[in-house]
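Novice: Just so you know, we're using my numbering here: the sequence shown kicks off at 89 and counts up by one.
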Amino acid sequence: MATRSFSYSQSDLIVDLKDWVDDGHGGRTLDQHGRLEAVAQDVAIAKAEAVCKAMLLFAAARVWLGKHWTESSIAAGPARLQKTSALSIDTAPGSGAANAPLTAHAFRQEAAHLLPGNLLINGHNSWDLIDRDVKLPDAFRLSGELMEAFADTSSLPACFNKADSEAENGKPGLKAEFATAVRTMGRLLGEKAGSVSHLRGAIRVGLAEWFERSHVIYRDAAARKLGRSQLATKDDKRSARYLESRVLAENSRSLLIRNPLRFIESNSGLRETMRRTEERVFTAG
Numbered sequence: 089m090a091t092r093s094f095s096y097s098q099s100d101l102i103v104d105l106k107d108w109v110d111d112g113h114g115g116r117t118l119d120q121h122g123r124l125e126a127v128a129q130d131v132a133i134a135k136a137e138a139v140c141k142a143m144l145l146f147a148a149a150r151v152w153l154g155k156h157w158t159e160s161s162i163a164a165g166p167a168r169l170q171k172t173s174a175l176s177i178d179t180a181p182g183s184g185a186a187n188a189p190l191t192a193h194a195f196r197q198e199a200a201h202l203l204p205g206n207l208l209i210n211g212h213n214s215w216d217l218i219d220r221d222v223k224l225p226d227a228f229r230l231s232g233e234l235m236e237a238f239a240d241t242s243s244l245p246a247c248f249n250k251a252d253s254e255a256e257n258g259k260p261g262l263k264a265e266f267a268t269a270v271r272t273m274g275r276l277l278g279e280k281a282g283s284v285s286h287l288r289g290a291i292r293v294g295l296a297e298w299f300e301r302s303h304v305i306y307r308d309a310a311a312r313k314l315g316r317s318q319l320a321t322k323d324d325k326r327s328a329r330y331l332e333s334r335v336l337a338e339n340s341r342s343l344l345i346r347n348p349l350r351f352i353e354s355n356s357g358l359r360e361t362m363r364r365t366e367e368r369v370f371t372a373g
């Protein structure tokens with residue numbers, strides 16, 4: 089296959105999730121929730137956008153791959169690519185000391201993938217399969233877009249990565265459910281989409297299945313983390329598990345998207361990807 093490279097970057101930033109509010113008496117007090125929920129909402133929406141884009145790309149791949157797309161062979165796999173990295177020093181904001189411990193609300197930044205793991209078709213990376221088996225002018229571009237989708241990361245507080253691991257790798261987990269949703273879309277779409285409404289209908293059902301299941305997975309993972317926080321005997325462990333449960337609970341609330349096509353229509357980037365997918369499916373590149 090053709091060789092592609094990705095740039096890597098580092099960050100020494102530390103995100104502080106504390107938030108101070110007016111106490112009504114001329115002073116300030118620490119907000120119980122701080123910025124965690126607000127940050128988690130932004131992250132959840134970014135993940136929702138990434139899943140929608142990937143599903144649109146896989147719709148084009150399903151038609152282009154034809155008989156090379158074997159539903160039974162679509163499986164979740166570990167992440168293979170990472171677009172950026174985040175490396176942070178272990179100091180609290182404003183501490184002035186290189187070895188000062190982080191507070192309960194301050195976290196090193198870590199690079200977290202927006203998509204859950206990877207998705208394999210017949211044991212191959214989707215972009216490799218397209219490079220090998222699709223002989224259309226736009227195939228190189230589609231394989232590159234899939235490659236970038238699975239490499240895409242966001243720099244997040246470390247507790248977000250810890251929380252996501254609970255949801256991604258469970259049984260059921262986000263990685264397996266993403267593969268299931270793509271299989272559903274591919275089965276409904278078939279090798280040849282009959283119309284735009286047929287194409288959009290298959291995408292809608294696949295995404296609706298994903299959002300419904302991810303909402304439940306995050307909800308259950310939040311409950312498990314909260315239970316562990318209540319059982320923890322050390323304050324730092326109790327605080328860490330509690331913050332992770334809040335991240336998971338906010339993801340569950342934010343990912344309850346009932347109308348995926350409306351969500352796509354409200355985003356200019358996703359609208360363009362939908363337009364491009366329709367063009368690919370009905371004009372063969």
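Here a beta-carbon is modelled for each residue, glycine too, at the ideal position from N, C-alpha and C. This one's a predicted model, so the numbers in the text were calculated from it and none came from an experiment.
At which residues does the alpha helix (DSSP H) containing T268 begin and terminate?
Specialist: Within the sequence shown, residue 268 is the residue found at index 180, counting from 1. T268: member of the alpha helix (DSSP H) spanning 262 to 277, first to last residue.
Novice: For F299 and A255, I'd like the C-alpha separation in whole angstroms.
Specialist: Taking the sequence shown and counting its residues from 1, one reaches residue 299 at position 211. Taking the sequence shown and counting its residues from 1, one reaches residue 255 at position 167. So the alpha carbons of these two residues sit roughly 13 Å apart.
Novice: Can you tell me where the alpha helix (DSSP H) with S285 in it begins and where it stops?
Specialist: Residue numbering aside, residue 285 sits at position 197 when the sequence shown is read from its first letter. Unbroken alpha helix (DSSP H) run through S285: 284 to 319.
Novice: Would you kindly work out how many angstroms separate the C-alpha atoms of F248 and G258, rounded to a whole number?
Specialist: Taking the first residue of the sequence shown as position 1, residue 248 is located at position 160. Taking the first residue of the sequence shown as position 1, residue 258 is located at position 170. Straight-line Cα distance between these residues: approximately 16 Å.
Novice: Three-state secondary structure (DSSP) at A163?
Specialist: Translated into the one-based positions of the sequence shown, residue 163 becomes position 75. Looking at A163 - three-state DSSP - the assignment turns out to be strand.
Novice: CB S160 to CB A200, shorter than 8 Å?
Specialist: If you number the sequence shown from 1, residue 160 lands on position 72. If you number the sequence shown from 1, residue 200 lands on position 112. No, Cβ-Cβ distance for S160 and A200 is not below 8 Å.
Novice: Would you tell me roughly how many angstroms separate the C-alpha atoms of R168 and K263, rounded to the nearest one?
Specialist: The residue labelled residue 168 in the question sits at position 80 within the sequence shown. The residue labelled residue 263 in the question sits at position 175 within the sequence shown. Straight-line Cα distance between these residues: approximately 13 Å.
Novice: So for A281, helix, strand or coil by DSSP?
Specialist: Locating residue 281 in the sequence shown gives position 193, where the first residue counts as 1. A281 falls in the coil class under three-state DSSP.
Novice: Consult DSSP for L175 and reduce its assignment to one of helix, strand or coil.
Specialist: Counting from 1 along the sequence shown, the entry for residue 175 is found at position 87. Interpretation of L175 is limited by its pLDDT of 43, a score under 50 that renders its predicted location unreliable; the figure taken from the coordinates is listed afterwards. Note: L175 maps to coil in three-state DSSP.
Novice: Is it buried or exposed for D240, if we count other Cβ within 10 angstroms and need 16 for buried?
Specialist: Locating residue 240 in the sequence shown gives position 152, counting from the first residue. It counts as buried.
Novice: What does the alpha-carbon distance come out to for the pair H212 and R312?
Specialist: Counting from one through the sequence shown, the residue named residue 212 turns up at place 124. Counting from one through the sequence shown, the residue named residue 312 turns up at place 224. Looking at the two C-alpha atoms, the distance is approximately 34 Å.
Novice: Mapping DSSP to helix, strand and coil, what is I345?
Specialist: The residue given as residue 345 occupies position 257 in the sequence shown. Looking at I345 - three-state DSSP - the assignment turns out to be coil, as it is neither helix nor strand.
Novice: So, does the stretch 279 to 299 touch the stretch 330 to 342, judging by three or more C-beta pairs under 8 Å?
Specialist: They do not touch, by the three-pair rule.
Novice: So, are the CB atoms of A163 and L217 less than 8 Å apart?
Specialist: Numbered from its first residue, the sequence shown carries residue 163 at position 75. Numbered from its first residue, the sequence shown carries residue 217 at position 129. Contact flag unset, no.
Novice: Which one of S354, S356, G315, A310 has the shortest CA to CA distance from N339?
Specialist: Within the sequence shown, residue 339 is the residue found at index 251, counting from 1. Nearest of S354, S356, G315, A310 to N339, Cα basis: A310.
Novice: Quick check on the burial criterion: 16 or more other C-beta atoms within 10 angstroms. Buried or exposed for V139?
Specialist: Here residue 139 refers to the residue found at position 51 of the sequence shown. Classification for V139: buried.
Novice: Under 8 Å Cβ to Cβ from R359, same chain only, skipping five residues before and after it: list those, please.
Specialist: As a working note, residue 359 is residue 271 in the sequence shown. I352, E353.
Novice: Between which two residues does the beta strand (DSSP E) containing L217 stretch?
Specialist: As a working note, residue 217 is residue 129 in the sequence shown. From DSSP, L217 is part of no beta strand (DSSP E) but of the alpha helix (DSSP H) over 214 to 221.
Novice: I need the boundaries of the alpha helix (DSSP H) containing L207, first residue and last residue.
Specialist: For the purposes of this step, residue 207 is identified with residue 119 of the sequence shown, where counting begins at 1. Counting along the chain, L207 falls outside any alpha helix (DSSP H), though it belongs to the beta strand (DSSP E) covering 206 to 209.
Novice: So, with DSSP's three-state summary, where would you put T45?
Specialist: The chain is shown only over 89 to 373; residue 45 falls outside these bounds and no answer can be derived.
Novice: For the alpha helix (DSSP H) that K250 lies in, which residues bound it at each end?
Specialist: In the sequence shown, the residue the question calls residue 250 occupies position 162. Counting along the chain, the unbroken alpha helix (DSSP H) around K250 starts and ends at 246 to 256.
Novice: What did DSSP end up calling R196 once you bin it into helix, strand or coil?
Specialist: Stepping through the sequence shown from its first residue, residue 196 is reached at position 108. Strand at R196.
Novice: With 16 other CB atoms within 10 Å as the buried threshold, where does S214 fall?
Specialist: One-based indexing of the sequence shown puts residue 214 at position 126. S214 should be labelled buried.
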